[in-house]
Amino acid sequence: MFSEWKFAAKDIAEKPDLFTSGHRACAGCASATVLRLIMKATMGPTIVTTATGCMEVASTIYPYTSWKIPWIHTAFENAAANASGIEAALKILKKKGRIPQEQVDVIAFAGDGGTYDIGIQALSGAVERGHDFLYVLYDNEAYMNTGIQRSGGTPLGASTTTSPAGTVMPGKLEPKKPITEIIVAHNIPYAATASPYYWRDLIAKARKGIEVNGPAFLHVFAPCPRGWRSDISKSIELSCLAVETCVFPLWEAINGEYQLSAPSKAIALKPERKKPVREYLQMQGRFRHLFTPKFEKVIDEIQRITDERWQRLLKKCSMALN
Amino acid sequence: MTTQEKVWKEIPMAGVCWKPSTQYLTGDWKTYKPIRDLEKCTRCVLCVLFCPDGAIHWKPEKEDIEFDFNFCKGCGICANECPVDAIEMKLAEET
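Chains as they are written, first to last, in this note's numbering: chain A, 447 to 768; chain B, 5 to 99.
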């Protein structure tokens with residue numbers, strides 16, 4: 447139960463990893479940290495399904511597997527369909543008395559490509575049918591596994607191999623799709639955003655998502671040094687800066703009621719703590735072209751969109767400051 | 005690290021992976037190696053939580069942390085996130 451859960455750093459560090467070492471994610475991959483931390487939030491029997499993506503490819507290169515628990519992968523688009531199938535099968539097996547377990551948790555992991563673009567129909571359907579599972583979106587903001595192609599999750603101005611920055615184009619022209627709001631609109635019992643830097647918040651949200659009766663959605667920010675052209679040691683620092691600049695605010699929606707989580711609430715109460723997006727952008731090579739005189743305006747545009755979304759979120763959380 | 009041990013008839017059904025990845029050592033990927041200053045370290049275990057490779061272990065019986073260089077890819081997240089700067093990245097060849 448949530449109330450019995452220990453959140454002290456040493457209790458969490460002591461728990462054995464269910465997503466083990468030896469996976470072949472790049473050095474400095476924050477998605478691997480996210481998966482490790484979320485797997486530490488599990489108690490009792492768990493089944494994991496993963497959509498095609500970095501973490502599927504890196505964790506199960508034949509004949510090696512990094513998962514210490516039952517794990518299944520079928521195709522790119524159907525992590526949520528898989529999870530609903532597993533949940534339905536467990537329900538009938540329990541009814542017929544074929545399995546002794548009282549409760550088996552189902553977790554689906556998918557990247558931003560497998561959620562924003564390819565997997566959204568399966569996810570939408572699974573949430574609408576109300577299956578009891580936790581869907582974790584680890585968002586590295588492009589198709590990193592196949593070579594950094596743009597996805598619906600890529601932010602405005604980012605240079606990727608299919609939206610390259612050049613003399614005319616300033617990288618991607620469209621802002622990021624607000625996926626978590628789209629999922630909240632499905633009347634989901636629990637949806638939240640999280641960042642690995644705030645690990646206690648991330649694990650608490652994963653635990654809440656597992657325990658909630660019905661579908662839960664967790665959107666986790668996961669910097670990718672390879673695709674973002676950032677320093678490999680700065681991945682976790684970037685996930686902190688994204689929250690501090692309000693590029694990726696932390697909030698949760700319980701039965702559609704929005705509320706800000708502690709790190710973002712601190713910024714809402716003291717707006718002078720909010721950092722300019724420039725600080726976040728200059729650490730990443732994918733935004734390097736924005737710091738030339740020609741594309742300077744794009745930074746102002748990113749700041750405007752970030753502020754607009756932040757204000758809209760504050761209104762939803764009834765925290766708007768006049 | 006050969007995968008030629010089994011012919012196709014002996015491969016498990018649906019190509020299920022049968023070896024734990026802890027047998028695949030990723031430690032030789034690194035260029036830099038984290039070196040910890042035992043005096044400065046406060047054992048806050050933040051590095052254990054943030055390590056993407058699970059290469060830092062908390063040993064409660066010893067009240068100390070331990071690096072597993074068989075898996076450390078040398079990313080330097082531990083050195084960057086250490087609140088007291090107790091970890092320094094040094095070239096792996098020199099240590």
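C-beta: ideal position from N, C-alpha, C; glycine also.
Name the chain B residues that come within less than 8 Å of residue i, Cβ to Cβ?
{"i": "Lys456 (chain A)", "result": "Val49, Trp62, Pro64"}
{"i": "Ile682 (chain A)", "result": "Phe54, Ile81, Asn84, Glu85"}
{"i": "Leu799 (chain A)", "result": "What is shown of chain A runs 447 to 768, which leaves residue 799 (chain A) out entirely."}
{"i": "Asp463 (chain A)", "result": "Gly58"}
Would you mind telling me which residues of chain A sit closer than 7 Å to residue i, beta carbon to beta carbon, in chain order?
{"i": "Trp22 (chain B)", "result": "Pro509"}
{"i": "Ala59 (chain B)", "result": "Ser467"}
{"i": "Cys79 (chain B)", "result": "Ala473, Gly474, Ile678, Ser679"}
With a threshold of 7 Å on Cβ separation, who are the neighbours of residue i within its own chain once the five nearest residues in sequence on each side are excluded?
{"i": "Ile532 (chain A)", "result": "Ile493, Thr495, Val552"}
{"i": "Asp585 (chain A)", "result": "Asp558, Gly599, His665, Val666, Phe667, Ala668"}
{"i": "Glu703 (chain A)", "result": "none"}
{"i": "Thr99 (chain B)", "result": "Lys37, Ile39"}
{"i": "Arg47 (chain B)", "result": "Glu67, Asp68, Ile69"}
{"i": "Glu620 (chain A)", "result": "Leu602"}
{"i": "Ile751 (chain A)", "result": "Leu602, Pro621"}
Output needed for residue i: all residues of its chain with C-beta closer than 6 Å, excluding positions within five of it in sequence on either side, in chain order.
{"i": "Pro709 (chain A)", "result": "Tyr644, Val689, Leu696"}
{"i": "Pro610 (chain A)", "result": "none"}
{"i": "Gly655 (chain A)", "result": "Leu580, Tyr636, Ala662, Leu664"}
{"i": "Cys45 (chain B)", "result": "Ala90"}
{"i": "Phe694 (chain A)", "result": "Phe667, Ala688"}
{"i": "Pro462 (chain A)", "result": "none"}
{"i": "Ala504 (chain A)", "result": "His469, Arg470, Ala471"}
{"i": "Gly617 (chain A)", "result": "Gly603, Ala604, Ser605, Ser609, Ala611"}
{"i": "Cys763 (chain A)", "result": "Tyr704, Gln705, Leu706"}
{"i": "Glu502 (chain A)", "result": "Thr496, His519"}
{"i": "Asp41 (chain B)", "result": "Ala90"}
Determine, using beta carbons only, whether residue i comes closer than 8 Å to chain A.
{"i": "Trp12 (chain B)", "result": "no"}
{"i": "Asp72 (chain B)", "result": "yes"}
Please compile the residues from chain A whose C-beta is within a distance smaller than 8 Å of the C-beta of residue i.
{"i": "Leu29 (chain B)", "result": "Gly468"}
Check the DSSP bridge columns for residue i and list the partner residues they point to.
{"i": "Gln595 (chain A)", "result": "A:Tyr589"}
{"i": "Asp68 (chain B)", "result": "B:Lys63"}
{"i": "Gly557 (chain A)", "result": "A:Tyr584"}
{"i": "Pro635 (chain A)", "result": "Answer is none; Pro635 (chain A) lacks a bridge partner."}
{"i": "Tyr510 (chain A)", "result": "B:Lys23"}
{"i": "Pro616 (chain A)", "result": "A:Ala611"}
{"i": "Phe75 (chain B)", "result": "Paired residue(s): none; Phe75 (chain B) is not in a bridge."}
{"i": "Pro38 (chain B)", "result": "B:Met93"}
{"i": "Gln705 (chain A)", "result": "A:Glu698"}
{"i": "Phe667 (chain A)", "result": "A:Asp585"}
{"i": "Val552 (chain A)", "result": "A:Ile493"}
{"i": "Phe465 (chain A)", "result": "A:Trp513"}
{"i": "Ile518 (chain A)", "result": "A:Thr495"}
Mind checking if residue i is an interface residue toward chain B, Cβ cutoff 8 Å exclusive?
{"i": "Arg653 (chain A)", "result": "no"}
{"i": "Thr479 (chain A)", "result": "yes"}
{"i": "Ala662 (chain A)", "result": "no"}
{"i": "Ser641 (chain A)", "result": "no"}
{"i": "Asp558 (chain A)", "result": "no"}
{"i": "Ser512 (chain A)", "result": "yes"}
{"i": "Asp585 (chain A)", "result": "no"}
{"i": "Asn768 (chain A)", "result": "Below a pLDDT of 50, predicted positions are generally treated as unreliable, and Asn768 (chain A), at 44, falls in that range; the measurement from the model is reported next regardless. No, Asn768 (chain A) does not count as interfacial toward chain B."}
Enumerate in chain order the residues of its own chain whose CB-to-CB distance from residue i is below 8 Å, with the five nearest sequence positions on each side excluded.
{"i": "Glu683 (chain A)", "result": "Tyr643, Met729"}
{"i": "Asn768 (chain A)", "result": "With a pLDDT of 44 at Asn768 (chain A), under the threshold of 50, the modelled position of this residue cannot be trusted, and the question is left open."}
{"i": "Pro546 (chain A)", "result": "none"}
Name the chain B residues that come within less than 9 Å of residue i, Cβ to Cβ?
{"i": "Thr506 (chain A)", "result": "Cys21, Ser25"}
{"i": "Trp756 (chain A)", "result": "Under the 9 Å cutoff, chain B gives no residues; its nearest Cβ is about 26 Å from Trp756 (chain A)."}
{"i": "Trp645 (chain A)", "result": "Leu50, Leu53, Phe54"}
Residues of chain B with a CB under 7 Å from the CB of residue i: which are they?
{"i": "Ala459 (chain A)", "result": "Val49, Val52, Leu53, Trp62"}
Does the ligand ATP have even one heavy atom less than 7 Å from the beta-carbon of residue i?
{"i": "Lys711 (chain A)", "result": "This structure lacks the ligand ATP, and indeed carries no ligand of any kind."}
Hey, is the stretch 581 to 598 of chain A in contact with the stretch 552 to 569 of chain A, meaning 3+ C-beta pairs nearer than 8 Å? Counting Cβ pairs under 8 Å, three or more are found: they touch.
Touching by the beta-carbon criterion (3+ pairs, under 8 Å), the stretch 29 to 37 of chain B and the stretch 729 to 741 of chain A: Judged by pairs of C-beta atoms under 8 Å, the stretch 29 to 37 of chain B does not touch the stretch 729 to 741 of chain A, as fewer than three such pairs exist.
For the stretch 512 to 521 of chain A and the stretch 538 to 549 of chain A, state whether three or more C-beta atom pairs, one from each stretch, are separated by less than 8 Å. A contact between stretches requires three or more CB pairs, one per stretch, nearer than 8 Å, and the stretch 512 to 521 of chain A fails this requirement with the stretch 538 to 549 of chain A.
Using 8 Å as the threshold, is the stretch 565 to 578 of chain A in touch with the stretch 617 to 637 of chain A, meaning 3 or more CB pairs across them? Verdict: yes, contact present.
The stretch 473 to 486 of chain A in contact with the stretch 78 to 94 of chain B per 3-pair CB rule at 8 Å: Cβ pair count under 8 Å is three or more, so yes.
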